[in-house]
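The listed protein sequences correspond, in order, to chains A and B. Here our numbering is used: the first residue of the first sequence is 1, the next is one more, and so on. Here our numbering is used: the first residue of the second sequence is 241, the next is one more, and so on.
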Amino acid sequence: MDTTEPVVEIDDLRKAYGAVTAVDGVSLRVHRGEVFGVLGPNGAGKTTTVECAVGLRRPDSGTVRVLGLDPGTDPDDVRQRVGVQLQQAVLPQRMTVREAMAVFASAYRRAVDPDALLAEWGLREQRRTAFGKLSGGQRQRLFIALALLGEPEVVVLDELTTGLDPAARRDTWALVRGLRERRVTVLLVTHAMDEAEMLCDRLVVIDRGRVVAAGTPEAVRGEHRSLETAYLALTAEGVA
Amino acid sequence: MRPLVVLTRVETTLLFREPAAVLFTLALPLVLLGLNGAAGNAPRPELGGAGVVDVVVPGYLVYVMATSGIMGLAETLADYRDRGILRRMRISPLRPWQILGSHALTHTAMSAVGAVILVLVGVLAFDLRLPASWGAVLLALLLATASTVATGFLLGALLPTVRTTQAVAAALYFPAILVSGALFAREALPAVVQRIGDFLPMTYAVRALRAGWTDGVVDGPALAILAAVALVATLVAVKSFRWESS
């Protein structure tokens, strides 16, 4: 298989909210089967870029292709094939884990077995638990499981391990590597440098709506001691 | 179709897990029926030969619809938008009509359950007479439900936050249930209050339902008003619906 087949192609994407420019000419290419990191400080434009990629927002200009489709005109096809775990997502307080899985599973043309997925993500015991009673880590794993329900070819994970304890982070990373072994393409949005360094094949660093660095973690690290120091030197956080 | 069915099933379960929804929608009208029906349902000339129970039950059916369809639906939509639940659903392959349709069906189901309980208790315990025309009553129920659900949908679409939605929906709902004849028969209200009621769609829901129930008459003008409200409110709501709070 051609390992450089692009599954996400973004060219010169721009998006402003009123007078605030969120994304100012971002271009990137994600290849099939890789874990691709989108790094940057809060407010850098990461989430807006991802939202344009799944058709949740319409770009002001630039082109977005996901699996060869335009999310703006083909959102239904894109959403069948791309799973998304959103930062700070919520579900109704009284909805149980099993009900949530049933609701979202019903929307996919083909869905994996929800119970097997819950077992894989350590939520088997919580099937009857209401969303409002889940811990932060359990909620996070539920949203990842929901993102994987439709056997997606591409998974977007936005702030994957925020709020998880160190052991849960390690477990989650192992599961992301498992996705990669299944040739699922992962778009990992994060500002956790250790996570990016551990998981990503390639990454971009976005700051103030622009790509300020791109390449393998080693290439972006360059002369710096770690990805973190490179990142701090590249982004506004280091200046402030 | 399957996502609509599953979503409706789950949303209905969630609604029935909400103690306040069950209390105000299902239990309160039964308490009122108990108070008003205690004196029996003997025919009264001033009510055109109908009994007190025959007159109040159609009003309570509208009360149930309004409580679930206007208050409940508007608040649920605003809450789902404010907390990002609609956003999470939108990035899945669930279609907008499935998401919104499930809420409309859920509140219709709640109204139907409330109606069945009221009529059963009314017939078994309070000598409620059965409708003079089932057809006229079912037609009135259908259009009354459509107009209340559409009104709730409109409020949930237009108002910016849960708090404003609750406040505005309550400011419309409470006077409406008092003035329209839903809670108190209109005959018992002062003339000036009746005039105010003439401007409320809910008044026509009660009127059409009573006409079908006690007189067996299809109240064409009232039904036309309900249909128009349902249509216009739905169109405006669909046009102005926002999936995210700004």
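Where a beta carbon is used, it is the ideal one built from N, C-alpha and C, also for glycine.
Are the C-beta atoms of valine 489(B) and some chain A residue less than 8 Å apart?
-> Since the first residue of chain B shown is 241 and the last is 486, residue 489(B) is not available in this structure.
Of all the residues that make up the stretch 78-92 of chain A, which are near chain B by a beta-carbon distance shorter than 8 Å?
-> Arg79, Gln80, Val84, Leu86, Gln88, Ala89, Val90, Leu91 and Pro92
Give a yes or no on whether the C-beta atoms belonging to threonine 264(A) and valine 211(A) are separated by under 8 Å.
-> Only positions 1 to 240 of chain A appear in this structure, which leaves residue 264(A) out of reach.
Would you say valine 103(A) faces chain B, with C-beta separation under 8 Å as the test?
-> yes
Residues, ordered as in the chain, of the stretch 422-434 of chain B that lie near chain A by beta-carbon distance below 7 Å = none
Should aspartate 70(A) and arginine 14(A) be called a contact, given that it needs their Cβ atoms to be closer than 8 Å?
-> no
Helix, strand or coil: which one does DSSP assign to alanine 470(B)?
-> helix
Assign phenylalanine 131(A) to buried or exposed, taking buried as 16 or more other Cβ atoms, counted over all protein chains shown, within 10 Å of its Cβ.
-> buried
Residue closest to alanine 282(B), alpha-carbon to alpha-carbon, out of Gly274(B), Leu273(B) and Val293(B) = Val293(B)
Taking 8 Å as the CB-CB cut-off, is valine 476(B) touching chain A?
-> no
Compute the Euclidean distance between the alpha carbons of phenylalanine 36(A) and threonine 216(A), then round it to the nearest angstrom.
-> 9 Å
Are leucine 149(A) and proline 92(A) close, meaning C-beta to C-beta below 8 Å?
-> no
N-terminal and C-terminal residue of the alpha helix (DSSP H) that arginine 139(A) is part of | 136-148
In three-state terms, what does DSSP make of glycine 274(B)?
-> helix
Is the CB of valine 54(A) under 8 Å away from at least one CB in chain B?
-> yes
Do you know offhand how far arginine 109(A)'s Cα is from glycine 33(A)'s?
-> 22 Å
Look at the Cβ atom of leucine 157(A), then the Cβ atom of glutamine 88(A), and state whether they are nearer than 8 Å.
-> no
Classification of proline 259(B) by the beta-carbon crowding that lies within 10 angstroms, buried from 16 upward = exposed
Are the stretch 424-444 of chain B and the stretch 347-359 of chain B in contact at 8 Å, needing three or more beta carbon pairs?
-> no
Between the Cα of leucine 247(B) and those of Thr96(A), Leu164(A) and Arg177(A), spot the shortest distance and give me the residue it belongs to.
-> Thr96(A)
For valine 402(B), which residues of its own chain have a beta-carbon under 6 Å away from its beta-carbon, when the five flanking residues on both sides are left out?
-> Ala318, Asp319 and Asp322
Candidates Arg330(B), Val363(B), Asn276(B) and Tyr444(B): which alpha carbon is nearest glutamine 80(A)'s?
-> Arg330(B)
Name the two residues that bound the continuous beta strand (DSSP E) containing leucine 187(A).
-> 185-190
Would you please state the rounded distance, in angstroms, between the beta carbons of phenylalanine 256(B) and threonine 307(B)? I believe it to be under 8 Å.
-> With a Cβ gap of about 14 Å, phenylalanine 256(B) and threonine 307(B) do not count as contacting.
DSSP-derived helix/strand/coil call for histidine 224(A) | coil
Within 8 Å (strictly less), CB to CB, does proline 243(B) reach chain A?
-> yes
At a CB-CB cut-off below 7 Å, which residues of chain A make contact with leucine 254(B)?
-> Pro92, Arg94 and Met95
Using only alpha-carbon positions, find the residue among Arg242(B), Leu370(B), Ala425(B) and Ser387(B) that is nearest to glutamate 286(B).
-> Ala425(B)
So, is the C-beta of alanine 107(A) closer than 8 Å to a C-beta in chain B?
-> yes
Range covered by the beta strand (DSSP E) that runs through arginine 202(A) = 202-207
Output the distance between the C-alpha atoms of serine 485(B) and proline 400(B), rounded to the nearest integer angstrom.
-> 7 Å
Following the continuous alpha helix (DSSP H) through glutamate 51(A), name the residue where it begins and the one where it ends.
-> 46-53
Cβ atoms of alanine 451(B) and alanine 384(B): under 8 Å apart, would you say?
-> no
Quick one: using the 10 Å Cβ neighbour count with 16 as the cut-off for buried, is aspartate 459(B) buried or exposed?
-> buried
Hey, does glutamate 99(A) have any beta-carbon neighbour from chain B nearer than 8 Å?
-> yes
CB of aspartate 207(A) within 8 Å of CB of glycine 62(A), strictly | no
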